[in-house]
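Chains as they are written, first to last, in this note's numbering: chain A, 8 to 280; chain B, 1347 to 1690.
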């Protein structure tokens, strides 16, 4: 038995699982999305792409995902940077703090936000007591609630991806920049940030794909009135039920994410390839 | 040898006898699981077994599932009595899956309100209880109980109103009623959608499941929600001050029917079971346990229970049954139109 067959044998269970659990369902979904009463049809796609209502859902999904990714990066980068600068013990605690929320189910964390953001919840109550907002102010069932909840869920992915890259950057590069006359912010901008780009890109990819396809948090915090694509797919499957249309929406989500990811991947490819 | 042979024959005949006996004396029915099935056992199944000595096998299956099974078993039906809450008996009777019932064979049939036994001859079993849809409200916040469906449009309630998504069965019936009082009908739901749009702009919220209604009443200062009468009871059991009011324009209702399956051997026993389901005692028990409205005019309820259901001639006079077949036919289009109407 040569090395190649050995490798193949070792990879076989994984490949089988991938084939059964990923390619088979995806292929089935693709078939379902073009199935009509009289043979293959693109009607479901046409219906989605010509209806302002569904295009609005698609646009909201993309827009919110971009916003969530940007906020995660804006919070995640400084956090990861600070984590590389503190002592090993403090870093360990910071890593634990970042990872800890991942140990709790997304549903439980989202319910926590529901308690905080609802009409009689802590945050609207405080804002009301301070006289900043009206009597009926509520954060639940708004896009803001979705963004807040999703950022909390996805921040660890961003922070850890950036941290992984930052720890490998030679600290002497920063010292060199400072001795050459760069201010702290200039050092960050011209030295650290470009070197950390692969981490930021990897984290952004994770955040964007996870938030574009997430269902639980947007559904619970945004409610039935603010639909994202995943919630719309769920409704098509359970409430209507219109499986081919649901499959078409899933394909559009899939292709949409691919389209956004392609330039991103190219970006890192040219920088580091 | 002779003796053993004789014993064997005796044994076999006894065995055959007991299986024959079991077939004669057993019924297979469906129930809806959970608290409903528990009440079903207490109110009907238990007393029936005690009275007849028969054995009742309960299969847990919701209306749609039970109907799918009934259709699949067309040539060899397994259920004796089948219960539906979504109007499936109309289709089942038309397809000949359900047997017509002679009102004379049910001792309690004479006491049923007319609407509950209207189509016995066609094969649609009697309605033995009713989920009445009306206005569930917070009795502390709303001092004058609402009395009309149009009260939902009262600006005082607008920020405290909870609507239920029409993917929910009761949400659908509430919406169709709102549509009707706004001038629409089953061929035109636009007036209802317009009204919902106005209510949402004024501050109402939409939830998609019943536990969310409870959450809104408990945490988010909700005062009023169009929903089923049994839910006001659920809220009260959870410690929330709540009452139920019927709208004067009518009360949409979901009928829960007990149907006789065609082509089964134990028709007499099955009829006895159906007869017990529509007895005043069973209906009183259901009303006390879950606050479903009785359909037997002789059912006597305490004032406390009566306040939560559609009770008496006056209470049931306004019951409206939206055609389940029309709802089914339009569901996909309506759900999509509703989604568009409520989307922000």
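Glycine is no exception: its CB is placed at the ideal position from the N, C-alpha and C atoms.
Under three-state DSSP, which class holds residue i?
i	result
residue 76 of chain A	helix
residue 1591 of chain B	strand
residue 1606 of chain B	strand
residue 1681 of chain B	helix
residue 229 of chain A	helix
residue 1676 of chain B	helix
residue 303 of chain A	Shown here, chain A extends from 8 to 280; a query on residue 303 of chain A therefore has no answer.
residue 1423 of chain B	coil
residue 1452 of chain B	coil
residue 1499 of chain B	helix
residue 1647 of chain B	coil
residue 1692 of chain B	This structure leaves residue 1692 of chain B out entirely; chain B is present only between 1347 and 1690.
residue 177 of chain A	coil
residue 165 of chain A	helix
residue 187 of chain A	coil
residue 273 of chain A	helix
residue 1698 of chain B	This structure cannot settle anything about residue 1698 of chain B, because the visible part of chain B is limited to 1347 through 1690.
residue 111 of chain A	coil
residue 1652 of chain B	helix
residue 63 of chain A	helix
residue 1415 of chain B	helix
residue 144 of chain A	coil
Rounding to the nearest angstrom, what Cα-Cα distance links residue i and residue j in this structure?
i	j	result
residue 1667 of chain B	residue 1473 of chain B	12 Å
residue 1421 of chain B	residue 1435 of chain B	18 Å
residue 82 of chain A	residue 1489 of chain B	49 Å
residue 1402 of chain B	residue 38 of chain A	45 Å
residue 103 of chain A	residue 167 of chain A	11 Å
residue 1390 of chain B	residue 1628 of chain B	6 Å
residue 1523 of chain B	residue 1514 of chain B	14 Å
residue 1633 of chain B	residue 1655 of chain B	8 Å
residue 1542 of chain B	residue 141 of chain A	24 Å
residue 202 of chain A	residue 173 of chain A	8 Å
residue 1644 of chain B	residue 1455 of chain B	11 Å
residue 1605 of chain B	residue 1572 of chain B	29 Å
residue 1397 of chain B	residue 1690 of chain B	58 Å
residue 132 of chain A	residue 126 of chain A	8 Å
residue 1658 of chain B	residue 1412 of chain B	31 Å
residue 1407 of chain B	residue 1603 of chain B	14 Å
residue 1447 of chain B	residue 157 of chain A	58 Å
residue 1599 of chain B	residue 1512 of chain B	15 Å
residue 1586 of chain B	residue 1649 of chain B	20 Å
residue 47 of chain A	residue 1557 of chain B	41 Å
residue 1451 of chain B	residue 1384 of chain B	28 Å
residue 211 of chain A	residue 13 of chain A	36 Å
residue 170 of chain A	residue 190 of chain A	22 Å
residue 1444 of chain B	residue 1418 of chain B	14 Å
residue 1680 of chain B	residue 215 of chain A	33 Å
residue 1550 of chain B	residue 26 of chain A	47 Å
residue 259 of chain A	residue 1375 of chain B	45 Å
residue 1574 of chain B	residue 1482 of chain B	8 Å
residue 1540 of chain B	residue 61 of chain A	20 Å
residue 1647 of chain B	residue 1475 of chain B	14 Å
Using DSSP bridges, identify the partner residues of residue i.
i	result
residue 1600 of chain B	B:1477
residue 1402 of chain B	B:1373
residue 1458 of chain B	B:1642
residue 1508 of chain B	B:1551
residue 1514 of chain B	Residue 1514 of chain B pairs with nothing; no bridge assigned.
residue 1571 of chain B	B:1482
residue 1534 of chain B	B:1531
residue 1429 of chain B	B:1604
residue 202 of chain A	Residue 202 of chain A is not bridged to any residue.
residue 1666 of chain B	B:1598
Taking 6 Å as the cut-off, is the C-beta of residue i nearer than that to any heavy atom in the ligand MN?
i	result
residue 1646 of chain B	Because no ligand of any kind appears in the structure shown, any question about the ligand MN cannot be addressed here.
> Does the stretch 1458-1469 of chain B come close enough to the stretch 1497-1512 of chain B that 3 or more CB-CB pairs lie under 8 Å?
Replying inline: No contact exists between the stretch 1497-1512 of chain B and the stretch 1458-1469 of chain B.
> What alpha helix (DSSP H) runs, 4 residues minimum, are completely inside the stretch 75-107 of chain A?
Replying inline: For the stretch 75-107 of chain A, whole alpha helix (DSSP H) runs of length 4 or above, ordered along the chain, are 95-106.
>> Check whether the stretch 1590-1601 of chain B and the stretch 259-272 of chain A are in contact - that is, three or more C-beta pairs closer than 8 Å.
In response: Counting C-beta pairs closer than 8 Å gives fewer than three between the stretch 1590-1601 of chain B and the stretch 259-272 of chain A, which falls short of the contact rule.
> Okay, do the stretch 173-188 of chain A and the stretch 218-226 of chain A touch, 3+ Cβ pairs below 8 Å being the bar?
Replying inline: They do not touch, by the three-pair rule.
>> Restricting to runs no shorter than 4 residues, where is the alpha helix (DSSP H) found entirely within the stretch 1607-1636 of chain B?
In response: Taken in chain order, the unbroken stretches of alpha helix (DSSP H) that lie wholly in the stretch 1607-1636 of chain B and span 4 residues or more are 1613-1623 and 1626-1636.
> What residues from the stretch 1527-1557 of chain B come within 8 Å of chain C, judged by C-beta to C-beta, listed N to C?
Replying inline: Any reference to chain C falls outside this structure, whose protein chains are A and B.
>> Restricting to runs no shorter than 4 residues, where is the alpha helix (DSSP H) found entirely within the stretch 10-55 of chain A?
In response: Within the stretch 10-55 of chain A, the complete alpha helix (DSSP H) runs of at least 4 residues fall at 10-25 and 31-40.
> Is the stretch 181-200 of chain A touching the stretch 116-126 of chain A, taking contact as three or more C-beta pairs under 8 Å?
Replying inline: At 8 Å Cβ cutoff, the stretches do not touch.
>> Closer than 8 Å is the cut-off here; do at least three beta carbon pairs connect the stretch 230-239 of chain A with the stretch 87-101 of chain A?
In response: No, they do not touch.
>> Three or more C-beta pairs under 8 Å: does that hold for the stretch 253-268 of chain A against the stretch 46-61 of chain A?
In response: As far as the Cβ criterion goes, the stretch 253-268 of chain A touches the stretch 46-61 of chain A, which means the pair count is three or higher.
>> When you compare the stretch 1528-1546 of chain B with the stretch 235-251 of chain A, are there three or more beta-carbon pairs, one atom per stretch, that lie closer than 8 Å?
In response: Result no; under three Cβ-Cβ pairs closer than 8 Å.
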